[in-house]
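Enquirer:
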Amino acid sequence: MTWPTPVTLRGKRVTLEPLRHEHHDGLVASARDGELWNLWYTWIPTPDAMRADIDRRLALQAAGSMLPFVIIANATGRIVGATGYMNIDAENKRLEIGHTWYAASTQRTGINTEAKRLLLAHAFETLDCIAVEFRTHYFNRASRAAIERLGAKLDGILRNHRRSADGNLRDTCVYSIIAGEWPTVRTHLDYQLTKPRD
Numbered sequence: 343m344t345w346p347t348p349v350t351l352r353g354k355r356v357t358l359e360p361l362r363h364e365h366h367d368g369l370v371a372s373a374r375d376g377e378l379w380n381l382w383y384t385w386i387p388t389p390d391a392m393r394a395d396i397d398r399r400l401a402l403q404a405a406g407s408m409l410p411f412v413i414i415a416n417a418t419g420r421i422v423g424a425t426g427y428m429n430i431d432a433e434n435k436r437l438e439i440g441h442t443w444y445a446a447s448t449q450r451t452g453i454n455t456e457a458k459r460l461l462l463a464h465a466f467e468t469l470d471c472i473a474v475e476f477r478t479h480y481f482n483r484a485s486r487a488a489i490e491r492l493g494a495k496l497d498g499i500l501r502n503h504r505r506s507a508d509g510n511l512r513d514t515c516v517y518s519i520i521a522g523e524w525p526t527v528r529t530h531l532d533y534q535l536t537k538p539r540d
């Protein structure tokens with residue numbers, strides 16, 4: 343059996359559904375909110391590239407290395423972004439939460455905190471993970487700050503880790519939360535979710 347298996351995760355603000363081809367139009371609308379593909383330090387598909395990105399994510403799922411989700415705002419029922427479990431290591435029960443992006447209008451609203459709370463709870467409490475990683479570009483300050491607000495710790499920086507879409511070499515910041523830290527991180531996230539901003 344593939345680990346982890348597709349699952350829908352529901353919270354008060356958001357629902358995470360396994361990615362399907364039918365999510366294409368909602369993802370395009372979400373990426374257009376802020377023209378996210380223009381961010382130089384990350385890669386978010388253009389509207390024309392969205393179908394290929396969905397195919398890529400689903401192929402990675404079929405290969406057992408990713409479990410992709412769309413993020414739906416419960417208040418509107420609209421797709422506001424995408425995320426996934428990736429770099430899945432079933433033998434060692436480790437995975438990364440990544441390939442995450444949000445419509446500009448939903449950033450700093452609590453959506454990211456709750457989505458991460460749902461993913462982390464499922465990883466540690468259902469999948470029995472020993473560690474969950476997060477990776478981001480060194481210059482993606484907003485992403486680094488969001489990861490640190492979750493309670494993840496910086497493991498290190500992979501220098502010249504890979505080439506970005508524009509050909510530049512990327513330094514990748516690697517963060518993690520380990521199983522023993524989850525109870526404290528969970529309390530922290532639950533507290534964060536009582537505050538008005540993400």
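Sequential numbering from 343 applies to the sequence shown in my numbering.
Beta carbons are placed, not taken as given, at the ideal position from N, Cα and C, and that holds for glycine.
(1) May I have the straight-line CA-CA distance separating I413 from N502, to the nearest angstrom?
(2) Using the rule of at least 16 other Cβ atoms within 10 Å of the residue's Cβ for burial, across every protein chain shown, is R355 buried or exposed?
(3) For G522, does the three-state DSSP call read helix, strand or coil?
(4) To the nearest angstrom, how far is it from the Cα of D540 to the Cα of D390?
(5) Out of A487, R486, P410 and Y444, which one is the CA nearest neighbour of P346?
(6) Please state whether DSSP places A487 in a helix, a strand or coil.
(7) Give the DSSP bridge partners of P410, in chain order.
(8) Should I439 be labelled buried (16 or more other beta-carbon atoms within 10 Å of its own) or exposed?
(9) Would you report the Cα separation of R491 and A484, rounded to the nearest angstrom?
(10) Between the alpha carbons of D367 and F481, how many angstroms are there, rounded?
(11) What distance in whole Å lies between the Cβ atoms of T451 and L535, which are believed to be in contact at a cut-off of 8 Å?
(12) Using a Cβ-Cβ cut-off of 8 Å (strictly less than) and excluding sequence neighbours within five positions of D431, which residues of its own chain qualify?
(13) Go to R505, then tell me how far its beta strand (DSSP E) extends in each direction, as first and last residue.
(14) Enumerate in chain order the residues of its own chain whose CB-to-CB distance from P348 is below 6 Å, with the five nearest sequence positions on each side excluded.
(15) With distances taken between CB atoms, is the gap from L461 to T514 smaller than 8 Å?
Expert: Looking at the coordinates:
(1) Looking at the two C-alpha atoms, the distance is approximately 31 Å.
(2) By the 16-neighbour rule on beta-carbons within 10 angstroms, R355 is buried.
(3) Helix, per DSSP.
(4) Confidence at D540 is low in this model, with a pLDDT of 45, below 50, so the placement of that residue should be treated as unreliable; the coordinate-derived value is given next. Roughly 30 Å between the two C-alpha positions.
(5) Ranking A487, R486, P410 and Y444 by Cα distance to P346 puts P410 first.
(6) Of the three classes helix, strand and coil, the one that applies to A487 here is helix, per DSSP.
(7) Within the DSSP secondary-structure output, P410 pairs in a beta bridge with G426.
(8) That one is buried.
(9) R491 and A484 have their alpha carbons spaced roughly 11 Å apart.
(10) C-alpha separation (whole angstroms): 30 Å.
(11) Incorrect: roughly 11 Å between the Cβ atoms, too far for contact.
(12) So the list reads L437, once near-sequence residues are dropped.
(13) Run containing R505: K495 to R505, per the beta strand (DSSP E) assignment.
(14) For P348, same chain residues with a beta-carbon under 6 Å away, outside a window of 5 residues either side, are P360 in chain order.
(15) The answer is no: Cβ separation not under 8 Å.
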